[in-house]
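>
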Amino acid sequence: MASYTKAAQQWATFARAWYLIDGKMQPPGKLAAVGVIRLQGTHKPVYHALSDCGDHVVIINTRHIAFSGNKWEQKVYSSHTGYPGGLKQVTATQLHLKDPTAIVKLAIYRMLPKNLHRRTMMQRLHLFPEDVIPEDIRNNLVEELAQPRRIPKRLDEYTQEEIDAFPMLWTP
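Heads up, the sequence shown is in our numbering, so the first residue is 41 and it goes up one at a time.
1) According to DSSP, H166 sits in a beta bridge with which residue or residues?
2) If you count every other CB in all the chains shown that lies within 10 Å of the CB of P140, and 16 or more means buried, which is it?
3) Can you check DSSP and say which residues form a bridge with L181?
4) Are the segment 95-112 and the segment 164-180 touching, with three or more C-beta to C-beta distances below 8 Å?
5) Hey, G75 and L156: beta-carbon distance below 8 Å or not?
6) Three Cβ pairs or more, each shorter than 8 Å: is that satisfied between the segment 191-203 and the segment 79-91?
7) Compute the Euclidean distance between the alpha carbons of E113 and P153, then round it to the nearest angstrom.
8) I need the boundaries of the beta strand (DSSP E) containing K138, first residue and last residue.
9) Looking at the structure shown, is Q200 part of a helix, part of a strand, or coil, going by DSSP?
10) How far does the alpha helix (DSSP H) with V144 in it reach, from first residue to last?
11) Please check the pair A72 and V144, which I expect to be a contact at CB under 8 Å, by giving their CB distance rounded to whole angstroms.
12) Going by CA-CA distance only, name the one from W51, Q50 and A57 that's closest to L181.
13) Ends of the beta strand (DSSP E) at V116?
14) Among P188, A205, R194 and E202, which one has its Cα closest to the Cα of L60?
15) Kindly indicate which residue of T211, G81 and M65 has the alpha-carbon position closest to the one of F107.
16) Whole-angstrom Cβ separation of G63 and H104, contact assumed at under 8 Å?
17) Restricting to Cα atoms, I'd like to know which of D95, A55 and K115 is closest to T160.
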């Protein structure tokens, strides 16, 4: 009987959980920092660098990510074809218009450790440009992680009671 409970306990320890992150109005680097921890499994007490114990990460609303400053125009993503004169450079805006999930995918890919586990960890990353998730993935979700950065409320989202309770700084 004891071996059965140990086997069940070990299965539950190494089982892969599915986590949901909402990327609306979040910087890609902050999303990547939260996602990489779950993909690697460093949040688990049984983590070891040589074992593959990471979880699945689902990131929705990648179309609505936010950069600070002028990074949409100034941040450049480069790649090279390997041929002379084959340097390709695109801005963050151009890359985002072509593929809304590419910026978050590149941020996570570059933040993962550069070893043979990186490709298998990337297979457990699921990116969606909107909040529409396939039903089979939605059924597997275990927990929704908190957004890395708090989103301030817009002025039209305040109720009249909150507006009236706000202290008046200057009265005409």
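Cβ atoms here follow ideal geometry from the backbone N, Cα and C, with glycine treated the same way.
To lay it out plainly:
1) Translated into positions along the sequence shown, residue 166 becomes position 126. Per DSSP, V98.
2) In the sequence shown, the residue the question calls residue 140 occupies position 100. When all chains shown are included, P140 counts as buried.
3) Walking along the sequence shown from the start, residue 181 turns up at place 141. Beta-bridge pairing links L181 to W58.
4) Here the segment 95-112 lies against the segment 164-180, with 3 or more beta-carbon pairs under 8 Å apart.
5) Locating residue 75 in the sequence shown gives position 35, where the first residue counts as 1. Locating residue 156 in the sequence shown gives position 116, where the first residue counts as 1. No; because the gap between Cβ atoms is not below 8 Å, this pair is not in contact.
6) They do not touch, by the three-pair rule.
7) Numbered from 1 along the sequence shown, position 73 holds the residue referred to as residue 113. Numbered from 1 along the sequence shown, position 113 holds the residue referred to as residue 153. Within the model, the alpha-carbon separation for E113 versus P153 is close to 28 Å.
8) Numbered from 1 along the sequence shown, position 98 holds the residue referred to as residue 138. Looking at the DSSP string, K138 is not in any beta strand (DSSP E); the run it does join, the alpha helix (DSSP H), is A132 to K138.
9) If you number the sequence shown from 1, residue 200 lands on position 160. Helix.
10) Stepping through the sequence shown from its first residue, residue 144 is reached at position 104. Here the alpha helix (DSSP H) through V144 covers A142 to M151.
11) What you label residue 72 is simply residue 32 of the sequence shown in a count that begins at 1. What you label residue 144 is simply residue 104 of the sequence shown in a count that begins at 1. Between A72 and V144 the beta-carbon gap is near 7 Å, inside 8 Å, which marks them as a contact.
12) Counted from its first residue, the sequence shown places residue 181 at position 141. Closest by C-alpha distance to L181, out of W51, Q50 and A57, is A57.
13) Looking up residue 116 in the sequence shown gives position 76. In the DSSP assignment, V116 falls within the unbroken beta strand (DSSP E) covering V116 to H120.
14) Within the sequence shown, numbered from 1, the residue matching residue 60 stands at position 20. Nearest to L60 by alpha-carbon distance, out of P188, A205, R194 and E202, is P188.
15) Here residue 107 is taken as the residue at index 67 of the sequence shown, counted from 1. Taking only the C-alpha atoms, the option nearest F107 is M65.
16) Position 23 of the sequence shown, counting from 1, holds the residue named residue 63. Position 64 of the sequence shown, counting from 1, holds the residue named residue 104. That pair is a contact at about 7 Å.
17) Start at 1 with the first residue of the sequence shown, and residue 160 comes out as number 120. Per the Cα distances, D95.
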